[in-house]
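Chemist: Sharing a structure with you now.
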Amino acid sequence: MKVETTRFGTLDISDEEIVRFPEGLYGFEKETEFILLPFNPNVESPMEWMQSLTSTHLAFVVTDPYLYAPDYKLKLSEEDRKRIELEGDDLYLTRAIVTIPKNYSEMTANLIAPLVINKDKGVAKQFVLTNMDYDTRHYLLPEEVRNAPAATVH
Amino acid sequence: MLVLTRKIGESIKINEDVKITVIDVKGKNIRLGIEAPRETKIYREEVFLRIKEENKSAATSQQFDLGKVSQLMKDKLK
Chain A
2 MKVETTRFGT LDISDEEIVR FPEGLYGFEK ETEFILLPFN PNVESPMEWM
52 QSLTSTHLAF VVTDPYLYAP DYKLKLSEED RKRIELEGDD LYLTRAIVTI
102 PKNYSEMTAN LIAPLVINKD KGVAKQFVLT NMDYDTRHYL LPEEVRNAPA
152 ATVH
Chain B
43 MLVLTRKIGE SIKINEDVKI TVIDVKGKNI RLGIEAPRET KIYREEVFLR
93 IKEENKSAAT SQQFDLGKVS QLMKDKLK
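Order-wise, the sequence lines are chains A and B.
Residue numbers for the first sequence follow this note's numbering, beginning at 2 and rising by one.
Residue numbers for the second sequence follow this note's numbering, beginning at 43 and rising by one.
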């Protein structure tokens, strides 16, 4: 199946690659199909793109929250598991949406609303954590890196 | 919307297993105690608004230098 995208041009994707969010994302309720793509084909990266298959221009940057919050906890209840059709040995991925401001060293990840993706069935949901340890803007880089002038975009 | 009046110490029950008690009232602040089964998800409503806003910020924060961001993140990937 061919999909047009603003950032990546025309993509030829197979059905198994599609990540379905039946409820969409918060604020993007009509965006129900995405695909995960390498962040930068030339560099190994902890980040990925999540491109919408509905809106050509819409792509989120996502990352693995466990890399940036070592004690990050996500417990899926029975109900949560059902929502993403998780059963048996199904594997799931946890991803956090990244916001990259003008000074990109101050990029943040939304740790309170992780995306949980059932890898085997391609069904996903943006969950909202009930514990208040994390918020929508968790810095990915430590303070000394954020304040380093070299990282500032002029 | 169902509207009920409660005094401090009084409760409402939702279904068999959720109980919400008015603990205290101070000026404009009301403290509520909530008893519910462990799996019940209880949120302050504003969190959903913040998440919507953040998703929108994330969706529009894409005008960055891919090479520079990649390099910075790679340095941190150990």
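Just so you know, even glycine gets a beta-carbon here, dropped at the ideal spot from N, CA and C.
Residues of chain B with CB under 7 Å from Tyr140 of chain A, in chain order?
Modeler: The sequence position of residue 140 of chain A within the first sequence is 139, counting from 1. Going along chain B, no residue has its Cβ under 7 Å from Tyr140 of chain A, so there is no contact; the nearest lies around 11 Å.
Chemist: At a cut of 8 Å, does the stretch 77 to 90 of chain A reach the stretch 54 to 62 of chain A through at least three beta carbon pairs?
Modeler: no
Chemist: DSSP beta-bridge partners for Gln127 of chain A?
Modeler: Residue numbering aside, residue 127 of chain A sits at position 126 when the first sequence is read from its first letter. Partner(s): A:Leu116.
Chemist: For Ala29 of chain A, report the span of its alpha helix (DSSP H) as first-last.
Modeler: Here residue 29 of chain A is taken as the residue at index 28 of the first sequence, counted from 1. First, the residue type needs correcting, since residue 29 of chain A is Phe and not Ala in the sequence shown. That residue, Phe29 of chain A, is in no alpha helix (DSSP H); it is neither H nor E in DSSP.
Chemist: For Thr11 of chain A, does the count of other Cβ atoms within 10 angstroms reach 16, so buried, or fall short, so exposed?
Modeler: Translated into positions along the first sequence, residue 11 of chain A becomes position 10. Result: exposed.
Chemist: Hey, how far is the Cα of Pro47 of chain A from the Cα of Val111 of chain B?
Modeler: For the purposes of this step, residue 47 of chain A is taken as residue 46 along the first sequence, with counting starting at 1. For the purposes of this step, residue 111 of chain B is taken as residue 69 along the second sequence, with counting starting at 1. Counting only the Cα atoms, Val111 of chain B lies some 11 Å from Pro47 of chain A.
Chemist: Taking 7 Å as the limit between beta carbons, can you name the residues of its chain near Thr7 of chain A, skipping five residues before and five after?
Modeler: Here residue 7 of chain A refers to the residue found at position 6 when the first sequence is read from its first residue. Answer for Thr7 of chain A: Thr57 and His58, listed in chain order.
Chemist: Comparing alpha-carbon positions, which option in A:Met108, A:Phe40, A:Glu79 and A:Val129 lies nearest Phe90 of chain B?
Modeler: Position 48 of the second sequence, counted from the start, is the residue given in the question as residue 90 of chain B. Cα-wise, what sits closest to Phe90 of chain B is A:Val129.
Chemist: Is there at least one Cβ from chain B nearer than 7 Å to Phe1 of chain A's Cβ?
Modeler: With chain A covering 2 to 155 only, the question about residue 1 of chain A has no answer from this structure.
Chemist: Kindly list the residues whose CB is nearer than 6 Å to the CB of Gly109 of chain B, restricted to its own chain and excluding five residues on each side of it in sequence; keep chain order.
Modeler: Here the question's residue 109 of chain B lines up with position 67 in the second sequence. For Gly109 of chain B, where only same-chain residues beyond five positions count, there are no Cβ hits under 6 Å.
Chemist: Could you spell out the range, first to last residue, of the alpha helix (DSSP H) harbouring Ser99 of chain B?
Modeler: Taking the second sequence and counting its residues from 1, one reaches residue 99 of chain B at position 57. Run containing Ser99 of chain B: Glu88 to Thr102, per the alpha helix (DSSP H) assignment.
Chemist: What is the DSSP secondary structure of Gly10 of chain A, counted as helix, strand or coil?
Modeler: In the first sequence, counting from the first residue as 1, residue 10 of chain A sits at position 9. Note: Gly10 of chain A maps to strand in three-state DSSP.
Chemist: Mind checking which residues open and close the alpha helix (DSSP H) that includes Val63 of chain A?
Modeler: Sequence index remark: in the first sequence, residue 63 of chain A carries index 62 (1-based). Segment Ala60 to Thr64 is the beta strand (DSSP E) holding Val63 of chain A; no alpha helix (DSSP H) there.
Chemist: Helix, strand or coil: how does DSSP classify Gln105 of chain B here?
Modeler: The residue labelled residue 105 of chain B in the question sits at position 63 within the second sequence. Gln105 of chain B falls in the coil class under three-state DSSP.
Chemist: Would the beta-carbon of Ala100 of chain B fall within 7 Å of that of Ile98 of chain A?
Modeler: Looking up residue 100 of chain B in the second sequence gives position 58. Looking up residue 98 of chain A in the first sequence gives position 97. It is a contact, given that the beta carbons lie within the stated cut-off.
Chemist: Compare the beta carbon distance of Lys74 of chain A and Leu92 of chain A with 7 Å and say whether it is the shorter of the two.
Modeler: Within the first sequence, numbered from 1, the residue matching residue 74 of chain A stands at position 73. Within the first sequence, numbered from 1, the residue matching residue 92 of chain A stands at position 91. It is not a contact, given that the beta carbons lie outside the stated cut-off.
Chemist: Under 7 Å, CB to CB, which of the residues in the stretch 88 to 101 of chain B have a partner in chain A?
Modeler: Val89, Phe90, Arg92, Ile93, Lys94, Glu96, Asn97, Lys98, Ser99, Ala100 and Ala101
Chemist: Using the three-state DSSP reduction, which class does His155 of chain A fall into: helix, strand or coil?
Modeler: On the first sequence, residue 155 of chain A is found 154 positions in, with the first residue counted as 1. Note that His155 of chain A has pLDDT 45, beneath the 50 cutoff, so the model's placement of it is unreliable and the number below is only indicative. The answer is coil: DSSP assigns His155 of chain A none of H, G, I, E or B.
Chemist: Can you find a CB in chain B that lies within less than 7 Å of the CB of Ala149 of chain A?
Modeler: Walking along the first sequence from the start, residue 149 of chain A turns up at place 148. Judged by the 7 Å Cβ criterion, Ala149 of chain A is not in contact with chain B.
Chemist: So Asp66 of chain B is in the beta strand (DSSP E); what residue range does that whole segment cover?
Modeler: Along the second sequence, one-based indexing puts residue 66 of chain B at 24. Taken as a continuous stretch (DSSP letters only), the beta strand (DSSP E) holding Asp66 of chain B covers Val60 to Lys68.
Chemist: Pick out whichever of A:Thr95, A:Gln127, A:Ala70 and A:Phe9 has its Cα sitting closest to the Cα of Pro143 of chain A.
Modeler: Locating residue 143 of chain A in the first sequence gives position 142, where the first residue counts as 1. Per the Cα distances, A:Ala70.
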